[in-house]
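Counted the way numbering that gives the first Met the number 0 counts, the sequence shown spans residues 0 to 340.
Structure, as C-alpha cells:
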Amino acid sequence: MVDRRFYHPRGPFSLAELARISGAELSVEADQRKQIHDVAPLDAATPEDVSFLDNQRYIGAFSETRAGAAFVHPKHAERGSKVTALLLSEQPYKAYALAAQAFYPFEVVGRPGIDPAAVIDPSATLGVGCQIDPGAVIGVGADIGARCRIGANAVIGENVVVGHDGWVGAGVSLSHCMIGARVILHPGVRIGQDGFGFAPDPAKHVKVPQLGRVVIHDDVEIGANTTIDRGSGPDTIIGDGCMIDNLVQIGHNVQLGRGCVIVAQVGMSGSVRLDDHVMLGGQVGLAGHLRIGPGAMVAAKSGVVKDLEGGGVYGGLPAVPIRQWHRQVATLARLAKRKPG
C-alpha cells in the first residue's frame, strides 16, 4: 500500500472522471458517480481503490479483489470480482498509469526558491519558478529554464543548458551538454564527461581530446548512476522520449532515436546508432560502430556484434534472431544430455 508519509494522493475522482482521464470505457452496470480515493494492487485494494489486471497470472487475484474499480482488457471482463466496477481498455496498464498520474502527479518544483547553501555564478541564468536545493553548484554561463529543480549537491557545468520543467536529481553532474525540456535526471547521473578515446601505443597510450557534446532532446528520463559520455567530435545524441534505466553506460558519439527503451546495465560502445523505438533488455552489450534498426528488440544479456535489422527480436551471444537462438539453446541442451561414447 502507498505510504502516506511519502506520497499524498489527489482526488478523489469519480469513475466517470477516471474513465475520461484514462480513455477507458466504464462498464454499463457501474455507478459513474462512485468516488475512488487511491490506487492499489489487486490483493490489497479496498472498495475505495482502483487497481488493474494486465497479466493473466493474476486472474485469480482479479476474481477475488475487493477493489472498488479495476482496469481490464475486455476479454477478461467476465473474470472480475462481483464487487468491482470495470474500466475496459485495450491497454489496461497504460490506462491505469494515466489514472495513477492523476492521483500522484509528478511535480518538478515543490518549493520555488534558491537555498542559501547553493552556489550560483552571477553569469548563470535561471528561469522563473526554479527550485535550487542546498549545495547545488551552477557554473559560469549556465542556462536553466523555467520551473526546474536542481537537487542537492548537483553540479551544472560551464555553459550547460537545461530546458524548462527539468528535474536534476541529487548529486548529478552535467558538463558539455544541452538538455531539452521536461527531462528527468535521477540521482547520480553523469552526463558530458570525457569519452573513452585514445590512440593505442605500446610505450604510452595517447589520449584523444573529446571535443563534442551530449545533446538530450525533450521528455527523456535517465535512471540513477547512468553515464553518458560526450562525443569525440560528433555529438552524443539522445532522442525525444527515450527511457533509460539505472546503471547504463553510453559511449561517445552514440545516437539514440526517438522513444528508445534501455534497461539497466546496458553498455554501448562508441558510435553505436539506435534508430527509433529500439528496446534493449538488461545487461545487453553492443560493440562499437553498429546500427540497430527501428523497432528492434534485444533480449537481456545478449551481445550484439553486428548490425541488426529493424522490427526483429534478437537474443544470445552473438545476438541472432530470437527463434534461431532458442533452437541453439535447445540443441545444446540435447547434446548435453547425451552419454559419452
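Using N, Cα and C, we set each Cβ at its ideal position, and we do this for glycine too.
Quick caveat, the model's predicted, so the values are computed rather than measured.
Alpha-carbon to alpha-carbon, residue j and residue i
i: C147; j: A263; result: 26 Å
i: E28; j: A116; result: 57 Å
i: Q282; j: G314; result: 12 Å
i: I291; j: A298; result: 13 Å
i: V38; j: V319; result: 41 Å
i: G302; j: I321; result: 13 Å
i: G67; j: R4; result: 24 Å
i: K305; j: T64; result: 48 Å
i: L246; j: N224; result: 5 Å
i: P104; j: G10; result: 11 Å
i: E308; j: A18; result: 39 Å
i: Q209; j: C176; result: 13 Å
i: N152; j: D2; result: 27 Å
i: G144; j: S270; result: 30 Å
i: V49; j: P73; result: 17 Å
i: H288; j: K206; result: 20 Å
i: G280; j: I35; result: 36 Å
i: V160; j: L97; result: 30 Å
i: A332; j: W324; result: 12 Å
i: D164; j: L334; result: 57 Å
i: N54; j: V71; result: 10 Å
i: V136; j: G168; result: 13 Å
i: S80; j: G310; result: 39 Å
i: G162; j: V82; result: 47 Å
i: G191; j: A329; result: 44 Å
One or two residues paired with residue i in a DSSP bridge
i: S301; result: DSSP output for S301 lists no bridge partner at all.
i: L307; result: I291
i: P70; result: It is worth fixing the name first, because residue 70 is Phe in this sequence and not Pro. According to DSSP, which records beta bridges pairwise, F70 is partnered with F51 and L86.
i: D142; result: T124 and V160
i: L273; result: L255 and I291
i: E24; result: L87
i: G266; result: Q248 and G284
i: Y313; result: V297 and P320
i: V118; result: V136
i: V260; result: M242 and M278
i: Q31; result: None; Q31 has no bridge partner.
i: D37; result: D48
i: G112; result: Q130
i: R148; result: Q130 and W166
Beta-carbon proximity list for residue i, same chain, < 8 Å, skipping 5 on both sides
i: E345; result: In the structure displayed, the chain extends from 0 to 340; residue 345 sits before or after that span and is not available.
i: I58; result: L52, H75 and R78
i: V108; result: G128, C129, Q130, R146, C147 and R148
i: L316; result: K300, S301 and G302
i: H204; result: F197 and A198
i: Y92; result: F51, D53 and F70
i: R110; result: Q130
Close Cβ partners of residue i (< 6 Å) along its chain, the five nearest in sequence each way excluded
i: R189; result: S172 and T226
i: M362; result: No information on residue 362 is available, as it lies outside the stretch 0 to 340 that the chain covers here.
i: D234; result: G211, R212 and V214
i: R257; result: G238, D239, G240 and D275
i: I113; result: I131
i: C259; result: C241, L273 and V277
i: I221; result: L184, V188 and I243
i: G170; result: N152, P186 and G187
i: A60; result: L41 and D42
i: V219; result: V182, I237 and C241
i: P296; result: Looking at the sequence shown, residue 296 is not Pro but Met. Here the set comprises M278 and V312.
i: Y95; result: F51 and F70
Minimum Cβ-Cβ distance from residue i to chain C less than 8 Å
i: G179; result: Included in the structure is just one protein chain, with no chain C present.
Own chain, CB closer than 7 Å to residue i, minus 5 neighbours either side, in chain order
i: Q31; result: S13, L14, A15 and L25
| Segment contact, 8 Å Cβ cut-off, at least three pairs: the stretch 32 to 47 with the stretch 121 to 132 | At 8 Å Cβ cutoff, the stretches do not touch.
| request: List in chain order: all unbroken beta strand (DSSP E) runs of 3+ residues lying wholly within the stretch 152 to 232. | output: Within the stretch 152 to 232, the complete beta strand (DSSP E) runs of at least 3 residues are 176 to 178 and 213 to 215.
| Any chance the stretch 85 to 94 sits against the stretch 14 to 34, with 3 or more Cβ pairs inside 8 Å? | Taking 8 Å as the limit for Cβ pairs, the verdict is that the stretch 14 to 34 does touch the stretch 85 to 94.
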